[in-house]
Amino acid sequence: MTEKNIMVIPARKRVGSTAAKEQIKKLRVAAYCRVSTETEEQNSSYEVQVAHYTEFIKKNTEWEFAGIFADDGISGTNTKKRDEFNRMIAECMDGNIDMVITKSISRFARNTLDCLQYIRQLKDKNISVYFEKENINTMDAKGEVLLTIMASLAQQESQSLSQNVKLGLQYRYQQGKVQVNHKRFMGYTKDEDGNLIIVPEEAEVIKRIYREYLEGQSLVGIGRGLEKDGILTAAGKPRWRPESVKKILQNEKYIGDALLQKTVTVDFLTKKRVKNEGHLPQYYVENSHEAIIPKELFLQAQEELHRRNNIYTGADKNKRLYSSKYALSAVTFCGDCGDIYRRTYWNIRGRKEFVWRCVTRIEQGPETCKNRTVKERDLYDAVMTAINKLLAGGDNMIRTLEENIHAIIGDTTEYKISEINTLLEEKQKELIKLANKGQDYEHLADEIDELRDKRQTLLVEDASLSGENERIDELIEFIRKNKFRTLEYDDKLVRKIIQNVTVYEDRFIIAFKSGIEMEI
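This is the structure:
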C-alpha cells in the first residue's frame, strides 16, 4: 500500500500578478508518538514511530520538520505525566508549530475532555492535528464532529481497561495474593517467586521501634534516635518523620498478615485514590508471610497508641497531649484531682529548681487543686526507694510475681477466640453463597461485623494479658540480676518498669508494670 502523503495548502489572499510568483511558506510540522506498553506490536513501538514520522515529515518538500515529541510507556488516560506532550503544546502556543501528526486518537489522548480541550486550543491558533489511523484533520469542517465520536470510543476503551485492571486486582485479593511495593517497605523484600521475605538488618530496626515505643518513648524520640544512629528510612532518607514511625507501628504486615484493598480508585481518569471506607470489599489475609513482630506485641502497640491519643485527666476530664520528654512525663498523676503532674521550675535567688506540679493547679489556680508541689529530687528518690525495695524482696518477691503469672495463664481468652474464628468461617461461607445467588446478605454482614468486633476485643485482652506476663518475666529477670544492689535513678530503667506514680499530700503510690504497687 502506498504511503499517505498529506498536502496542506493554507488559504491566503492573493493580489495582482505577483501572486503566482509568491513563495508558499513551508508548514512547520511536528509529530507526537506514544507507546502504552511493552507488549504492543513492533510497528507501533516507540523507536519505529519516531523513525517513521521523522522520514514522513522530512520527505515532504512543503513541510518543515518541527521535531518529534515522544512519551515512552506512559498511561493515556490523562496528560499530567506526559512531559513531551506538554512540551509540544507549549511549542504550539509559542508559535513554533503549524501542524501536528499523530498515529491515532488513543495515542494523542484517551479521554474526551483532554482530547477536545487541546484540539480546540490548537485550532484557535490555526494549528491542525492529523490523526493518521482515523484519517481525521481537525481543520476540516466535519473534523470535530467525527473527532468527538472517535474520542468517546477511545475513552470507553480506556475506562474498560481501567475496569479490567481493577477486576484483576480484586480477583488477586480474593485469592489472598499480596501486592506490596517492597522497595519502600522496610523489613521485607521479594524473592524470585514474588514472595515477601525478611531482610534481617531492617527487621532489627522494626523490632527496635516497637520495643522503644512500648517502653514509653515518643514517636519523635524514636525518630531522633534512629537519625542519631545513621539509620535510613525505607525511602533511603536520613530524616525520620513521626508519621513514618507511626505507620510502622500500625502496619499489620509486620505480624505476617495483610489487609488488602485499603484504598480504592474513585475516578479512572484522574487516578484519584481514597481510603476504602466501604466502597469495595476488603480482604484480610492471615499468615500470608513470615512475621517480624509477634501478634501480641503488635496489639500492645495498638493499645498504647489508643491510650496516648486518649489521655483525659483531672476532674473535668481534659484531654492532654502525651509527652515522653522525661521518663515520668504523662505517668505521674495527682491523687487529689486525677490530672497529670508536669515538670516545671522555680527561680530561687536566680537559680532554677526543677519541680513537678499538678496541671490543674498550674492552669486554673490553687483553689481548684490543693495538692502539693514536689521537688524533682524527692520524686526521683521515691521512685528509686520503691525499686530498691523490690530488689530487697529478692526470692520472696520473685515467688509473688510467679504466682501472678500462673493466674494469667489460667485465662480462657484463647479458647473464646478459637470459637469465634470457627463461627466467622461458617458465616463467611454462607455470605458468599448468598452473594453468588444474588440474594440479600445484609443481615449476615452485620453478624460478621459483630463477631469481628468481639474477636478484636478478645485479641486486645489476650495481648494485654500476654504483655503483662512478659513484663512480669522481665521484672523477675531484673530482680535476679540486681538482688541486694542499691540502684541510682535512671530514665531508661524507669521507662522500662514503672507504670505510673500517684502523688498524694503525704505519700506516693508507685505502680510497676507487673501490677505490683508500693506506698512510699
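Take full-length UniProt numbering: the final residue in the sequence shown is number 520, and no numbers are missing along the way. In this text, a Cβ means the ideal position worked out from N, Cα and C, and glycines have one as well.
Nearest-angstrom Cα distance between Tyr130 and Trp63? So the two alpha carbons sit approximately 14 angstroms from each other.
Could you tell me the alpha carbon to alpha carbon distance between Leu122 and Ala235, rounded to whole angstroms? As the crow flies, the alpha-carbon of Leu122 is around 41 angstroms from that of Ala235.
Measuring CB atoms only, is the stretch 212-232 touching the stretch 291-302, in the sense that at least three cross pairs come out at less than 8 angstroms? The stretch 212-232 vs the stretch 291-302: in contact.
With 16 other Cβ atoms within 10 Å as the buried cut-off, status of Lys245: In the sequence on display, residue 245 carries Val and not Lys. Flag for Val245 reads buried.
Closest Cα partner of Val374 within the set Asn86, Ile198, Tyr32, Val503: Of all alpha-carbon atoms in Asn86, Ile198, Tyr32, Val503, the one lying nearest the alpha-carbon of Val374 is that of Val503.
Three-way DSSP call (helix, strand, coil) for Gln499 in this model: Here DSSP, grouped into helix, strand and coil, assigns Gln499 to strand.
Kindly provide the ranges of any alpha helix (DSSP H) runs that are 4 or more residues long and lie completely inside the stretch 399-457, ordered along the chain. Segments of the alpha helix (DSSP H) lying fully in the stretch 399-457: 413-436.
Can you tell me the Cα-Cα spacing of Glu296 and Leu219, whole angstroms? A straight-line Cα-Cα distance of about 20 angstroms links Glu296 and Leu219.
Touch test, the stretch 362-380 against the stretch 467-482, Cβ-Cβ under 8 angstroms, three pairs minimum: Because the criterion of three Cβ pairs below 8 angstroms is not met, the stretch 362-380 and the stretch 467-482 do not touch.
Answer with buried or exposed for Asp506, where buried requires no fewer than 16 other C-beta atoms within 10 angstroms of its C-beta. With fewer than 16 neighbouring CB atoms inside 10 Å of its own CB, Asp506 falls in the exposed class.
Buried or exposed (CB count within 10 angstroms, at least 16 for buried), Ser466: In this structure Ser466 is buried. Its beta-carbon is surrounded by 16 or more other beta-carbon atoms within 10 angstroms.
Taking the DSSP output, what are the residues bridged to Ser106? In the DSSP assignment, no residue is bridged to Ser106.
Please classify Leu219: does DSSP put it in a helix, a strand, or coil? DSSP places Leu219 in the helix class (H, G or I) of the three-state scheme.
For the putative contact between Gly256 and Ala291, defined by C-beta atoms under 8 angstroms, what is the C-beta separation to the nearest angstrom? Going by Cβ atoms, the distance from Gly256 to Ala291 rounds to 3 angstroms, so yes, they are a contact pair.
Evaluate Lys21 with the Cβ neighbour count: other Cβ atoms within 10 Å of its Cβ, from every protein chain shown; 16 or more gives buried, anything less gives exposed. Only weak support exists for where Lys21 lies, its pLDDT of 40 falling under 50; the coordinates are left without a value.
Beta-carbon proximity list for Met186, same chain, < 6 angstroms, skipping 5 on both sides: The residues are Glu202, Ala234.
Mind checking who Trp356 pairs with in its DSSP beta bridge? Bridge partners of Trp356: Arg343, Val374.
Taking its Cβ as the centre, do 16 or more other Cβ atoms sit within 10 Å of His289, making it buried, or is it exposed? His289 counts as buried, since no fewer than 16 other beta carbons sit within 10 angstroms of its beta carbon.
Taking Trp240 and Leu226 to be in contact with their CB atoms under 8 angstroms, please state how far apart those CB atoms are, rounded to whole angstroms. Contact flag correct, Cβ pair sits at about 5 angstroms.
Can you give the Cα-Cα distance for residue 521 and Glu519, rounded to whole angstroms? No answer is possible for residue 521: the residues shown for the chain start at 1 and end at 520.
Terminal residues of the alpha helix (DSSP H) in which Glu304 lies: Taken as a continuous stretch (DSSP letters only), the alpha helix (DSSP H) holding Glu304 covers 295-309.
For a test of the three-state rule: what should DSSP assign to Gly467, helix, strand or coil? The answer is helix: DSSP assigns Gly467 an H, G or I state.
Any beta-carbon of chain C closer than 8 angstroms to the one on Ile472? Absent from the structure is chain C; it holds one protein chain and no more.
So what does DSSP say about Val460, is it helix, strand or coil? Helix at Val460.
Nearest-angstrom Cα separation, counted from Leu431 out to Leu444: Going from the Cα of Leu444 to the Cα of Leu431 covers about 6 angstroms.
Quick check on this structure: which residue in Ile476, Val383, Val359, Asn347 has the alpha carbon closest to the alpha carbon of Cys334? For Cys334, the closest C-alpha among the options Ile476, Val383, Val359, Asn347 is that of Val359.
Inter-residue spacing [alpha-carbon to alpha-carbon] between Ile101 and Lys275: Going from the Cα of Ile101 to the Cα of Lys275 covers about 41 angstroms.
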